[in-house]
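Heads up: the sequence shown begins at 1 in the UniProt record's numbering, then just goes up one per residue. Note that the Cβ used here is the ideal one computed from N, Cα and C, for glycine as well. What follows is one structure encoded as structure tokens, with my remarks underneath.
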Amino acid sequence: MISILALSFSSLQKAIKQQNIKDQLSEDENQQKKNQQEAPQPKPLKSWEIRRLQQQNKDDFVCRNKQNETIIKQPGSLNGLQYKIESCTNSEIYVLDHSTTIFVDDCTNCKIFIGPCKASVFVRDCKNCEMVIACQQYRSRDCENIKTLLYCQSQPVIESCKDMQFGCFYFAYPQLSQQFKDCGINPWTNNWSDIYDFTKNPNGVLNYSYLPEDEIEIIPYACEKLNSLCSREYCEERQNLCVPITKGLRLNANELSNSSIIMVYPEATSKMVGSLASIFNQRNDIQIIRTLQCKLLNDSRQDLIFSLEEKSTIFSQHDFSESVLFIQLQGENLKQALDDIFGKYSNQYYLWNKANTSITKISKIIFENWEDERKPN
């Protein structure tokens with residue numbers, strides 16, 4: 001009798017947990033639809049309008065020669081325009097809006113946050129700084145001792161730099177998710193750890209390293225100057241992060257080979273992609289390594305990752321005109337944890353693990369060879 005009661009209680013707990021996940025997903029979907037309906041859609045500025053704005057208000061688009069100051073560019077202050085940060089010392093600079101291009105030059109001992117940037121962020125001649133950056137392209141030159149929490153949709157590049165440290169983007173404020181959309185960059189395609197060094201050392205010593213994982217939550221919250229925008233508690237809550245926290249290439253080859261990869265089918269991707277980052281970021285039993293959202297319309301791609309039998313079955317059951325989501329991850333009791341996460345969509349993903357395939361081969365094909373998926377939408 002006791003064992004039956006225990007089993008029933010365990011089943012009840014699991015059912016309640018799954019229902020809570022379903023309720024959360026339903027709420028997220030309804031809120032997302034409501035926000036899309038209510039939010040006014042700004043008209044994109046024409047090139048001549050952009051030039052006129054920047055010429056008329058030059059001081060609004062540059063932060064220069066600041067010492068021991070805190071500068072905050074509020075949401076809506078740039079609206080996709082270019083911004084320059086030059087010759088600043090011991091200052092904190094927060095660009096909390098989306099932009100086209102950002103230049104950070106000759107800054108020392110600064111803390112700098114840069115919200116979603118549609119094109120490139122250039123960091124040059126900077127020393128002893130801490131930065132949080134979200135961009136399509138990251139380029140750094142002649143820099144030293146820079147800690148960066150990075151979102152980068154393409155491969156980050158450094159040149160003539162040393163003592164560069166990188167971690168996964170970690171920050172939140174209410175407008176951030178919409179700003180990613182405004183820039184056409186995808187939070188699920190983050191290549192922050194795949195650093196390309198143009199000036200490698202002949203002795204093989206790397207000019208960059210990865211920040212310890214327990215440090216990534218500390219850097220963005222060194223000060224509490226954003227109270228007018230959101231609370232520190234809001235920033236620190238993992239459920240508010242729109243970019244999934246990934247381990248990146250910190251793992252060695254053996255650790256990567258023991259991971260698993262899932263492909264979330266298009267139906268579940270379209271329904272859940274807005275809330276999945278929040279759900280995964282709150283889990284302690286699963287760690288995400290790499291992610292990619294893309295379409296699988298190309299037959300050659302399909303043939304590389306599926307057998308003929310698998311391809312015939314999967315592609316007859318799902319509409320692949322929409323994008324899928326690839327997630328490389330690791331964790332104990334992974335299948336059970338994934339079923340809990342996906343709830344009513346628990347049959348809406350395909351799982352590769354070391355028991356049924358070569359993870360090293362599949363991960364290389366998906367996350368390293370499909371470089372065109374790193375381009376903005």
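**OP:** Would you mind giving the Cβ-Cβ distance between Trp-188 and Val-132, rounded to the nearest angstrom? I have them listed as a contact below 8 Å.
**Re:** Not really, about 18 Å apart at Cβ, beyond 8 Å.
Subject >> Exposed unless 16 or more other CB atoms sit within 10 angstroms - verdict on Gln-36 >> reply: With a pLDDT of only 48 at Gln-36, under the threshold of 50, the placement of this residue in the model should not be trusted; the figure read from the coordinates follows. Exposed.
**OP:** Assign residue 385 to buried or exposed, taking buried as 16 or more other Cβ atoms, counted over all protein chains shown, within 10 Å of its Cβ.
**Re:** Because the chain here runs from 1 to 377, residue 385 falls outside it and cannot be looked at.
Original post:
Could you give the uninterrupted runs of the alpha helix (DSSP H) lying entirely in the region 291-352, keeping only those of 4 residues or more?
Top reply: Entirely contained in the region 291-352, the alpha helix (DSSP H) runs reaching 4 residues are, in chain order, 299-305, 308-317, 334-342.
Original post:
Do you know whose CA, among Ser-160, Tyr-94, Asp-182, Gln-302, lies nearest Phe-171's CA?
Top reply: Closest option to Phe-171, Cα to Cα, is Tyr-94.
Subject >> Residue span of the beta strand (DSSP E) that contains Ala-119, given as start and end >> reply: From DSSP, the beta strand (DSSP E) with Ala-119 extends over 111-124.
**OP:** Flag this pair as yes or no: are the beta carbons of Ser-87 and Glu-69 separated by less than 7 Å?
**Re:** At a Cβ-Cβ threshold of 7 Å, Ser-87 and Glu-69 do not count as neighbours.
Subject >> Reduced DSSP category for Gln-74 - H, G, I as helix; E, B as strand; rest coil >> reply: Three-state result, Gln-74: coil.
Original post:
For Thr-148, is the classification buried or exposed, using 16 other Cβ atoms within 10 angstroms of its Cβ as the cut-off for buried?
Top reply: Label assigned to Thr-148: buried.
Original post:
When the Cα atoms are used, what is the spatial distance from Gln-165 to Thr-313?
Top reply: Rounded to the nearest angstrom, the two C-alpha atoms are 45 Å apart.
Original post:
To the nearest angstrom, how far is it from the Cα of Leu-96 to the Cα of Cys-110?
Top reply: Going from the Cα of Leu-96 to the Cα of Cys-110 covers about 16 Å.
Subject >> Backbone secondary structure at Ala-134 - three-state DSSP >> reply: Reduced to three states, the DSSP call for Ala-134 is strand.
**OP:** Can you say whether Asn-186 is buried or exposed, counting buried as having 16 or more other CB atoms within 10 angstroms of its CB?
**Re:** Around the CB of Asn-186, 16 or more other CB atoms lie within 10 Å, so the residue is classed as buried.
**OP:** From the DSSP output, in three-state form, read off Leu-149 for me.
**Re:** Reduced to three states, the DSSP call for Leu-149 is strand.
Subject >> Assigned exposure category for Pro-116 - 16 Cβ within 10 Å defines buried >> reply: By the neighbour-count rule (16 or more Cβ atoms within 10 Å), Pro-116 is buried.
**OP:** Please report how far the alpha carbon of Lys-66 lies from the alpha carbon of Ser-99, in whole angstroms.
**Re:** Their backbone Cα atoms lie some 21 Å apart in a straight line.
Subject >> Three-state secondary structure assigned by DSSP to Ser-279 >> reply: Per the sequence shown, residue 279 should be read as Ile rather than Ser. Correct three-state label for Ile-279: helix.
Subject >> Spatial neighbours of Tyr-265 in its chain, beta-carbon cut-off 6 Å, leaving aside the 5 residues before and after >> reply: Here the set comprises His-318, Gln-348.
Subject >> Simplified DSSP state of Lys-84, which is helix, strand or coil >> reply: Reduced to three states, the DSSP call for Lys-84 is strand.
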